[in-house]
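One structure is given here, and the rest of the page talks about it.
Numbering (this note's numbering), first residue to last: 2 to 442.
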C-alpha cells in the first residue's frame, strides 16, 4: 500500500494510507486528505494511486503544488525520494508491503475487545488527528451536530462511503438508517469492536441479506462506552471494490474516536441537564411563563433602565374571574387548562419587548416597557377581549372565561418596582369590585 506522510511546521508528521484511485488534498473538510490552514487551497491537488505508481496533479491552487521545488503544471509521477510541497507542508510517499491482502483479512477480521491497552495504543498512534477531533468537538454544544462531525471525520480519515454515530435510543432503527443489524448486534452483545476486512460475496448466511444488498465490502462497528453503558455505535463501511479493507490502523483510530465520542456525549448530556435545571429555575412549569422570581428580576432591571433614561414604563396585574368556582366545579385538570389558555393568549397578544409572568395561583403580571398609561390601558383592553371573546376548550367542553385587569404607569412617586406593582394590584381590586371583566387604572 502507498502511504503519504505530511510534515507540518506546527505539528507532528501525519500518515495517510492512499486509497486506490483519486485522493483529493486541500482545506475542505470532506477532502480525502485535509490540510487545515490557509496556505492550502480548499481543493488543492489530487494524488492518483495505482498498484505500481502514484501521480500528483495540481488543481489550479493559489499557492501551487511543488515537487522537488518545481511547480507542477502537468501530472507528475511521484517517486519515494520526491518532496511534495503544499503551502507550508512537505509530503513524501512510500510503499509498504508488510503483509499481503490475505494476511490482512486474516489478521483483522473478527472482534477485538475494547481494552485499556487498545485505547492507549490508539491514542498514541493517532495523536495529531485526535487533537483535531477533540478541538472541533469541544466547541460544539449540540449533540446531534457533534455526532455528525464525528461521522464526517470517520468518513474522511478512513475513505469510507458510509459512517454514522448511532445513539442507543436509535438501535431499533439500524435497518432504516442503512446499516445491517447482524454486525451491530454482534458488537453490542460482545461489547467489542467488530471488523470485517473483506466480506465475501457469499456472506448472506453469516451477515444477512442487507449487507449483500448494500454491496458492503468492508465494515467496522465500534461500541461507544460510558462506564458499563453502550451509549452509541460508530458504524463505518465501504462499498467500493477498489478501496482497501479496514486494517488495524482503522481499528485503532475508530476506538480512539469512540472515546472522544463518549466524552462528547457525556458533556452534552450534562449541558442539557444544566439547561433543564436553569429553565426550571426561571419558568413556570404549568404555563411556560416567567415564574414570579424571574419576572421580578427582569422587572427590576427594566425599572432601573426606565428611571435612568426617563422612559415610560407600565405594569398590569390580572386574574381570572371566578377561577376558584370553576376549579371546584370542573376539577384541577380543567383549571390547569384554563390557566394555560390564558397564558398562551396573553403571550400571543403582547409585543416582543413585553414580559408576562405567573405571579401566583390564577394571578398574572405584565410588564410594558415604553408604554405610558394610555398605552397600558389599551393593551389591557386587548388582553381582556382576547380572553372573553373566545371560549376556552377544556376536557369538560368550551368554557366562557373572563379576566379583570389593573394597570399603572411609572411616575416619580414610585421609588422601586414593588411600588409600581402594588399600584397595579390596587387597580385590579377596583376592577373586581366594579363588576369584573374590565380594566381599571
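Glycine is no exception: its CB is placed at the ideal position from the N, C-alpha and C atoms.
Every value quoted in this text rests on a predicted model; they were computed, and no experiment measured them.
Inter-residue spacing [alpha-carbon to alpha-carbon] between residue i and residue j
| i | j | result |
| --- | --- | --- |
| residue 36 | residue 218 | 28 angstroms |
| residue 316 | residue 332 | 31 angstroms |
| residue 377 | residue 232 | 53 angstroms |
| residue 287 | residue 396 | 17 angstroms |
| residue 189 | residue 275 | 30 angstroms |
| residue 257 | residue 263 | 10 angstroms |
| residue 439 | residue 290 | 23 angstroms |
| residue 76 | residue 10 | 27 angstroms |
| residue 430 | residue 407 | 7 angstroms |
| residue 175 | residue 186 | 10 angstroms |
| residue 82 | residue 91 | 12 angstroms |
| residue 366 | residue 282 | 18 angstroms |
| residue 84 | residue 43 | 21 angstroms |
| residue 224 | residue 234 | 5 angstroms |
| residue 109 | residue 222 | Only weak support exists for where residue 109 lies, its pLDDT of 44 falling under 50; the value from the coordinates is given anyway. So the alpha carbons of these two residues sit roughly 13 angstroms apart. |
| residue 39 | residue 55 | 26 angstroms |
| residue 154 | residue 280 | 34 angstroms |
| residue 351 | residue 380 | 8 angstroms |
| residue 355 | residue 368 | 6 angstroms |
| residue 441 | residue 398 | 31 angstroms |
| residue 5 | residue 50 | 11 angstroms |
| residue 428 | residue 278 | 36 angstroms |
| residue 8 | residue 285 | 57 angstroms |
| residue 93 | residue 240 | 28 angstroms |
| residue 103 | residue 143 | Low confidence applies here, because residue 103 scores a pLDDT of 41, under 50, leaving its location unreliable and the question unanswered by this model. |
| residue 363 | residue 375 | 25 angstroms |
| residue 20 | residue 151 | 21 angstroms |
| residue 345 | residue 402 | 14 angstroms |
| residue 14 | residue 156 | 21 angstroms |
| residue 337 | residue 31 | 52 angstroms |
Boundaries (first-last residue) of the beta strand (DSSP E) holding residue i
| i | result |
| --- | --- |
| residue 266 | Careful: residue 266 lies outside any beta strand (DSSP E), inside the alpha helix (DSSP H) at 249 to 283. |
| residue 365 | 364 to 370 |
| residue 59 | 55 to 59 |
| residue 316 | 314 to 321 |
| residue 67 | 66 to 68 |
| residue 220 | 219 to 227 |
| residue 86 | 85 to 87 |
| residue 230 | 230 to 239 |
| residue 51 | It is not in any beta strand (DSSP E) - residue 51 carries neither H nor E in the DSSP assignment. |
| residue 79 | 77 to 79 |
| residue 286 | Neither: residue 286 is in no beta strand (DSSP E) and is coded neither H nor E. |
| residue 438 | Element bounds for residue 438: n/a, residue is neither H nor E. |
| residue 93 | 90 to 96 |
| residue 44 | Segment: none, residue 44 is in no beta strand (DSSP E) and carries neither H nor E. |
Endpoints, alpha helix (DSSP H) assigned at residue i
| i | result |
| --- | --- |
| residue 11 | Taken as a continuous stretch (DSSP letters only), residue 11 belongs to no alpha helix (DSSP H), as it is neither H nor E. |
| residue 37 | First-last for residue 37: undefined, no H or E at that position. |
| residue 415 | Element bounds for residue 415: n/a, residue is neither H nor E. |
| residue 1 | Here the chain has residues from 2 to 442 only, and residue 1 is not among them. |
| residue 306 | 293 to 310 |
Residue-chain proximity (residue i, chain B), Cβ-Cβ < 8 angstroms
| i | result |
| --- | --- |
| residue 322 | The displayed structure is made up of one protein chain only, and chain B is not part of it. |
8 angstroms contact criterion, which residue i and residue j should meet: CB distance rounded
| i | j | result |
| --- | --- | --- |
| residue 265 | residue 147 | 5 angstroms |
| residue 184 | residue 197 | 7 angstroms |
| residue 57 | residue 73 | 6 angstroms |
| residue 159 | residue 252 | Contact flag wrong, Cβ pair sits at about 10 angstroms. |
| residue 360 | residue 293 | 6 angstroms |
| residue 405 | residue 432 | 4 angstroms |
| residue 48 | residue 68 | The pair is not a contact, with the Cβ atoms about 11 angstroms apart (cut-off 8 angstroms). |
| residue 370 | residue 409 | That belief does not hold up - the Cβ atoms of residue 370 and residue 409 are roughly 14 angstroms apart, past 8 angstroms. |
Closer than 7 angstroms: residue i CB and nearest the ligand FMN heavy atom
| i | result |
| --- | --- |
| residue 169 | Within the structure as shown, the ligand FMN is missing, as the structure has no ligands at all. |
Return the chain-ordered ranges of every alpha helix (DSSP H) run that is complete within the region 323 to 350 and spans a minimum of 4 residues. 324 to 331, 333 to 349
Go through the region 381 to 410 residue by residue and report every complete run of the beta strand (DSSP E) that reaches 3 residues or more, in order. 404 to 410
Three or more C-beta pairs closer than 8 angstroms, one from the region 270 to 285 and one from the region 305 to 325: is that the case here? no
Given 8 angstroms, three or more beta-carbon pairs between the region 413 to 420 and the region 289 to 309: yes
Whole runs of the beta strand (DSSP E) within the region 142 to 176, excluding any shorter than 3 residues: 163 to 168
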